[in-house]
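Which chain is which? The protein sequence lines are A and B, in order. Using my numbering, the first residue of the first sequence is number 790, and each one after it goes up by one. Using my numbering, the first residue of the second sequence is number 790, and each one after it goes up by one. Note that CB positions come from ideal geometry on N, CA and C, so glycine has one too.
2 protein chains.
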Amino acid sequence: MTGEPNDGCADRADDELTEMADGGTSDRDWTEAEEEIMLATYRALLEHGYAGLSISRIADELGKSKASIYYHYDSKEVLLGAFLEYAIDQFESSVQTETGEDPWAELEHVVEKLLPLRVDEEKRRVQATVIGLRGQAVTSDAFREQFTEIDEQLAATIRDIVQRGIENGTFRDVDADRVAEHVLATINGAMYGRVTSDRETAVAAVRVSLSSYLDTELRPQS
Amino acid sequence: MTGEPNDGCADRADDELTEMADGGTSDRDWTEAEEEIMLATYRALLEHGYAGLSISRIADELGKSKASIYYHYDSKEVLLGAFLEYAIDQFESSVQTETGEDPWAELEHVVEKLLPLRVDEEKRRVQATVIGLRGQAVTSDAFREQFTEIDEQLAATIRDIVQRGIENGTFRDVDADRVAEHVLATINGAMYGRVTSDRETAVAAVRVSLSSYLDTELRPQS
DNA sequence: GTCTATACACCGATAGAC
DNA sequence: GTCTATCGGTGTATAGAC
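As structure tokens, this is what we get:
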């Protein structure tokens, strides 16, 4: 990689899911300079939130001038698109489970990963940052497409676990897709609530209820 | 779009907000001028989204100058706080059910109200606006407090329905709070997904699954 | 109460030196 | 590749006439 200026077309979005499918970490080739900018963007987001994110702020975090950022990215919009791609690469690989495990444990792993019972301050800010970004999907097609992909990927992960559990007799023969969508929506709603309200106890209640729901829904009747 | 302060689309937006104003628990007296500003803010939000909301835009919708807005509100922050209060007054009363009805019907009413199966374009924009506003709760204490109140109110509404159903023997003796939190999180998650992704079928799947969940959870075993 | 005009900060983005 | 300097635009907010 020569470190040439990024022309800014989001032409890589398509490979994303397919590369994920074979379980590999789909690292696109980030220049060292680009990666530094991504990390500076991340820090600026944590510190100022999406509404307070500006090229100046990113440049401050980067320790360089604004113009140097425009050497690597043609516009703020392009930079944000790249950042979203970068962030999603990291996130999605962290949810993967090792197949072949006990389906109950796999489900538990996914739920705990997406909706941890206890979050330290840093994790909370990360989640808040994600939610802040996702809020922009309301008015940005590019953002919405990215988050569509994320949800699609997460739903597929849950669906596959349930499906495998059904096939090897661990679970009852339920509609795997319906269960997956339910679990995903519940998790998303609880996570959303966690960072946009102060109802601390709600997440714990949802976690309990979710376990109960999965048990009722999936455990074979004796 | 003409330069006119009001166009047809914006008028219908007014209806959406004002029609909810019957029987409300509005504990504040809005002057006519203030209410006009609130409605202009609402139209500007629908049209430009939260990120594109400015005093200029509101003034345009209002058909008056920026300065006239500052006569009524000392700052944009104050104005937005007032708007949130105004909008929540309207919203909360719209979810109320007539007590004494069949608990099944009451639950169905709440779910359909919060997560309608079919949404026309306008309703979608209203939901998108709410999500856009709520995203700001991540970085604004005032916003977060308001949405905490909303969720608290909604959870209480659901909890009370379940509780009454238990007491009159319609429902099984479950943990009403746990069920309420589960339902609320699922609804919020599905609504959130609806406006921040393009997974159209997901909402329908969640609705089906939610009905199934409530039936399994609440219907007395015979 | 509403207007016009304006102050001042910051934004995204560019030009051109080095 | 990074810098300084700057452009044009928009934002919030205010001053002062009417």
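query                                                                                                                : result
Straight-line gap, I877(A) to I920(A) (C-alpha atoms, nearest Å)                                                     : 13 Å
A969(A) to P1009(A) span [Cα, whole Å]                                                                               : 18 Å
Within-7 Å CB hit, Y981(A) to chain B                                                                                : yes
Cβ-based neighbour list, R983(A), same chain, cut-off 6 Å, excluding 5 preceding and 5 following                     : V992
Residue range of the unbroken alpha helix (DSSP H) whose run includes A969(A)                                        : A965 to T985
For Y862(A), three-class secondary structure by DSSP                                                                 : strand
Host alpha helix (DSSP H) of S839(A) (start-end)                                                                     : The sequence given here has Tyr at residue 839(A), not Ser. No alpha helix (DSSP H) contains Y839(A), which DSSP labels as neither H nor E.
Chain A contact for T937(B) (CB, 7 Å cutoff)                                                                         : yes
Where V900(B) falls: helix, strand or coil (DSSP)                                                                    : helix
Distance between V899(B) and T946(B) (C-alpha atoms, nearest Å)                                                      : 9 Å
Integer Cβ distance of E895(A) from I955(A), believed to fall under 8 Å                                              : Between I955(A) and E895(A) the Cβ distance is about 13 Å, and since that is not below 8 Å, they are no contact.
Continuous alpha helix (DSSP H) stretch holding R933(A): start and end                                               : D930 to E956
Selection from D1004(B), L834(B) and A979(B) that minimises the alpha carbon distance to A994(B)                     : A979(B)
Pairwise C-alpha distance: L851(A) and I826(A)                                                                       : 6 Å
Given 8 Å, three or more beta-carbon pairs between the stretch 910-920 of chain B and the stretch 852-864 of chain B : no
Buried versus exposed call for R948(B) [16 or more other C-beta atoms within 10 Å across all chains shown]           : buried
Within 7 Å of chain A by C-beta, residues of the stretch 877-891 of chain B in sequence order                        : none
Closer than 9 Å at the beta carbon, the chain B residues around Y1002(A)                                             : H971, Y1002, T1005 and E1006
Contact list for the stretch 853-872 of chain A against chain B, Cβ threshold 8 Å                                    : none
is_contact[I920(A), chain B] using C-beta, thresh 7 Å                                                                : yes
Residues near Q952(A) in its chain [Cβ-Cβ closer than 6 Å; skip 5 each side]                                         : A965
Among N957(A), P905(A) and R933(A), the one whose alpha carbon lies nearest that of I976(A)                          : P905(A)
is_contact[T779(A), chain B] using C-beta, thresh 7 Å                                                                : Because chain A is modelled from 790 through 1011, residue 779(A) falls outside the range shown and cannot be assessed.
G838(B) burial status per 10 Å Cβ neighbour count (16 or more: buried)                                               : buried
Where K853(B) sits in the DSSP three-state scheme                                                                    : coil
Secondary structure of R1008(B), DSSP reduced to three states                                                        : coil
Per-residue DSSP class, three states only, for S1001(A)                                                              : helix
Supposed contact pair L922(B) and L873(B) - C-beta distance, whole angstroms, cut 8 Å                                : 7 Å
Cutoff 6 Å; reference L903(B); Cβ partners in own chain excluding five residues on either side                       : I976
Contact with chain B by S1012(A), beta-carbon distance below 7 Å                                                     : Residue numbering for chain A in the displayed model covers 790 to 1011; residue 1012(A) lies beyond these limits and cannot be assessed.
Start and end residues, alpha helix (DSSP H) containing E910(A)                                                      : E910 to G924
Residue-level contact to chain B via CB, V900(A), 7 Å cutoff                                                         : no
Within chain B, the residues that V968(A) reaches when beta carbons sit closer than 8 Å                              : S998
Beta-carbon neighbours of D940(A), restricted to chain B and to distances below 8 Å                                  : G982, S986, R988 and A991
Short CB-CB distance (under 7 Å) between G954(B) and chain A                                                         : no
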